[in-house]
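Just so you know, the numbering used here puts 127 at position 127 of the sequence shown, and the rest follows in order with no gaps.
The beta carbon of each residue, even a glycine, is placed where N, CA and C say it ideally should be.
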Amino acid sequence: MDLEVKRKRIKDVIDNFMKQDSENKRNIIGVFILMLSLIMTYIIDTKFMIKENVMINLERSMYVLPLIIMVLYFSYKHIITLYNMGESKKLKRLILITYITGFIIGICITIGKYMLGTSEYEPIVITKKLIIYLIGNVLAYTIYAKNVLVVLFSIFEKMEKKKTNSEKELKHKFLTSNKKSLLLVAIILFIVWIPTFLARYPGPANYDNTYQIYQVYTGNYRNDHPLLHTWIFGSIVCLGEKIWGNFNSGIALATVIKMILGAFACSYLLYYLAKRNTPYIIRIIIFGFMLFYQPIAHHVMIADKDVTFSIIVMLIIMNLADMVSRKTEYFAKKRNIIILPILLILSMFYRHNAMYAYVLAFPIMIILMLVFKKKLEWSYKKIAAVSGALLLSIIIYICMITAILNVFKIPTGAKIEKYTLPAQIMGRVARMYYPDRMSKEEVDEMEKYLLDDTNVKEISEKYISWFGDPTKNRLDEAVISKNEKEFMEYISKLVKKHPAESIQAVLDHTHRYYSLAPSIYLPTPVTFEYPNTLRNGLIQVHPDHIIDKERKLSNFTNKIYEGKVAGLSIFVNIGMVFFFILTSLMYSIYKRRVEYILTFMPIVGIYITALLSPVGGAIRYSLPLFTTVIILFVLSLGYITKEKKA
């Protein structure tokens with residue numbers, strides 16, 4: 001084929017494109033951008049970064065590429081439907097919001113990929129290729145996410161238009177908004193979870209839990225772990241020990257009680273969804289997961305405080321969801337506004353850092369109430385009542401816990417916890433630069449804030465990127481408390497001098513909770529066995545698998561946590577749940593339900609504290625996201641409106 005013929009063909013293609021109407025042009029350009037973004041990400045991953053300090057799993061990239069193409073092809077078929085809206089304000093709002101959301105997701109995925117590929121104990125080298133890699137990935141994933149979000153928004157709108165048939169709903173006797181269904185569902189869940197309990201007998205309890213038992217058994221309490229949880233859990237276990245003569249039976253008793261609580265919590269969630277007009281099919285799917293999805297049965301039994309805390313947070317979000325969507329009905333019952341601070345106070349008694357989450361969230365919530373006053377249709381009196389409930393809950397909690405600790409002379413927990421991130425920055429800088437690239441003056445300055453029996457060499461060797469305890473426990477709390485301003489100035493100086501390593505230390509400690517590849521720290525599988533020398537030999541516990549001696553059920557569940565079971569692992573992926581909550585939030589904004597942002601704010605605060613948690617990758621730190629995601633989703637779809645009779 002000669003050059004002239006080629007030129008003519010190219011000219012014909014261009015002429016045909018120019019003759020298309022604006023909508024078709026946009027569709028053609030959309031396909032081109034999608035394919036370009038795919039090629040760009042793939043080439044960058046497989047070519048540019050092989051010689052850089054970011055390691056790429058080529059096998060994973062090759063496996064994911066066809067899947068992405070399939071998803072995007074399916075996505076594009078839906079995009080065409082939405083683009084038929086024409087040049088409307090709604091279309092512009094859709095494009096703007098999906099691009100903003102896609103950009104946020106693009107940044108999160110890119111940082112997660114970068115953190116996954118870097119060596120946590122090697123210096124950071126910022127190169128032009130690395131910058132190109134990061135920018136290229138953000139742009140590519142923004143395009144992916146934007147188009148998938150357009151598809152999801154179109155699906156959400158279709159779901160929203162399908163109104164629940166009230167007459168048909170009343171014919172159902174199961175998974176409905178009546179008390180009999182509530183009790184029956186709880187009983188069924190409890191019975192179905194029994195094999196999991198027997199396989200993990202006497203129940204999942206770790207070293208911290210046995211320390212809580214030890215405190216109750218000896219009467220020597222500390223507030224390291226939430227005092228209320230220590231007292232309730234430890235008292236139940238000690239009661240079981242008195243009745244049956246061993247602590248294993250006590251842990252089993254506590255586990256059974258937790259199973260009952262968990263069964264009723266799950267049942268109440270379904271009861272609430274039925275009351276708030278959620279389609280029956282959604283409730284059936286959720287119930288199926290509760291029955292057969294092993295991570296749910298497992299987490300219900302875990303002895304840690306986080307399970308009960310997450311149930312309380314679920315009730316808080318239900319309360320707030322009703323507040324913003326069922327305004328008249330909510331304020332008509334005074335008990336609703338009274339229950340809210342009670343739940344907030346109870347949640348703070350079950351997790352120390354809940355107070356910090358609320359300190360972050362509540363001021364923003366109060367500002368939003370004033371900004372969205374017209375959308376909420378609230379009077380200033382109602383805004384004052386809600387604001388008072390939020391702020392008073394923190395004040396009352398501080399007064400109560402202070403009084404309890406003083407009256408009973410209970411030592412407080414270590415205040416050094418709040419210096420976890422500064423300690424991690426110190427640890428990484430020491431790891432990267434000691435001894436060759438740290439002057440004597442720098443060593444002396446760092447050691448000023450360390451315990452007397454600790455030095456820079458030790459903090460360098462003990463530094464673990466995802467676990468804050470080895471570094472923060474070597475800080476001198478007394479010295480830092482007296483010179484807090486000076487200490488923070490020292491940390492600021494470290495950050496300015498070593499910005500790359502400081503940022504890396506912080507990112508390492510966030511455990512990639514915002515990506516699709518978060519750190520994986522398996523939840524407590526069974527009761528941890530203690531040597532006789534620990535806890536003075538008083539607390540003797542051990543795992544005793546009544547069934548499943550070969551641990552097949554436990555091993556399969558671990559594979560789900562580790563991301564090795566296609567389809568099932570996605571539901572315990574913290575990053576995926578975060579993205580879905582973000583999508584629900586942005587869909588609410590797209591539908592001009594901006595007042596719903598109020599309901600999301602406590603979860604945002606809890607999520608931020610999870611990023612700063614001392615141990616990386618454990619689902620329990622982010623468990624409130626999992627217990628509230630369904631409520632936030634159905635709220636964003638507008639299902640939570642007027643209450644329906646049973």
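- H509 sits buried, since 16 or more C-beta atoms from the chains shown fall within 10 Å of its C-beta.
- Here V506 has L421, Q424, I425 as same chain residues with Cβ atoms under 8 Å from its own Cβ, once five neighbours each way along the sequence are excluded.
- Cβ contact annotation for S267 (same chain, cutoff 6 Å, sequence separation greater than five): L182, V185, A186, in chain order.
- Restricted to the segment 239 to 302, the alpha helix (DSSP H) segments that are unbroken, complete and at least 4 residues in length are 247 to 275, 280 to 292, 294 to 301, listed in chain order.
- T176 carries a coil assignment under DSSP once its states are collapsed to helix, strand and coil.
- A contact between stretches requires three or more CB pairs, one per stretch, nearer than 8 Å, and the segment 536 to 555 fails this requirement with the segment 270 to 280.
- In this structure, DSSP gives L553 a helical state, which the three-state scheme calls helix.
- Pairing I317 with L625 gives a Cβ-Cβ distance that is not under 8 Å.
- Residues L376, E377, W378 of the same chain have their beta carbon placed closer than 8 Å to that of K327, with the five preceding and five following residues left out of the count.
- For a cut-off of 8 Å, the C-beta gap from I394 to V359 is around 7 Å, short enough to register as a contact.
- N223 carries a strand assignment under DSSP once its states are collapsed to helix, strand and coil.
- Taking one beta carbon from each stretch, the segment 248 to 262 and the segment 541 to 555 have 3 or more pairs nearer than 8 Å; the two touch.
- With fewer than three CB-CB distances shorter than 8 Å, the segment 575 to 592 does not count as touching the segment 485 to 497.
- Out of L291, K382, L392, P363, the CA that lies nearest to the CA of P341 is found in L392.
- When the Cα atoms are used, A332 and S154 turn out to be separated by approximately 35 Å.
- Assigned with DSSP and collapsed to three states, T524 falls in coil, not helix or strand.
- Each residue's CA atom was taken as its position, placing L315 and L269 some 9 Å apart.
- Assigned with DSSP and collapsed to three states, F467 falls in strand.
- In the three-state reduction of the DSSP assignment, T412 falls in the strand class, which pools E and B.
- Around the beta carbon of C399, fewer than 16 other beta carbons sit within 10 angstroms, so the residue counts as exposed.
- Of the candidates T527, I520, E417, the residue whose Cα lies closest to the Cα of E562 is I520.
- For L450, the secondary structure class from DSSP, reduced to helix, strand or coil, is strand.
- Judged by pairs of C-beta atoms under 8 Å, the segment 572 to 592 touches the segment 97 to 107, as three or more such pairs exist.
- Straight-line spacing of the CA atoms in V565 and T218 works out to 44 Å.
- The three-state reading of DSSP puts L611 in helix, counting H, G and I together.
- The segment 196 to 212 and the segment 222 to 230 touch, with no fewer than 3 CB-CB distances between them shorter than 8 Å.
- Per DSSP, the unbroken alpha helix (DSSP H) holding S347 starts and ends at 334 to 350.
- Secondary structure note for V138: its alpha helix (DSSP H) is the uninterrupted segment 128 to 161.
- The beta carbon of G288 sits closer than 7 Å to no other beta carbon from its chain once the five residues preceding and following it are set aside.
- With respect to the 8 Å criterion, T524 and N206 are classified as neighbours on the basis of their beta carbons.
- Annotated as proximal: G112 and R512, with beta-carbon spacing under 8 Å.
- Counted as a single uninterrupted DSSP element, the alpha helix (DSSP H) harbouring F578 occupies residues 574 to 590.
- When the beta-carbon positions are compared, P518 and I603 stay at least 8 Å from each other.
- In this chain, M438 is not harboured by any alpha helix (DSSP H), its DSSP state being neither H nor E.
- The criterion of a C-beta distance shorter than 8 Å is satisfied by F579 and I105.
- Taking a contact as a CB-CB distance under 8 Å, the pair I337 and V386 counts as one, their CB atoms being some 7 Å apart.
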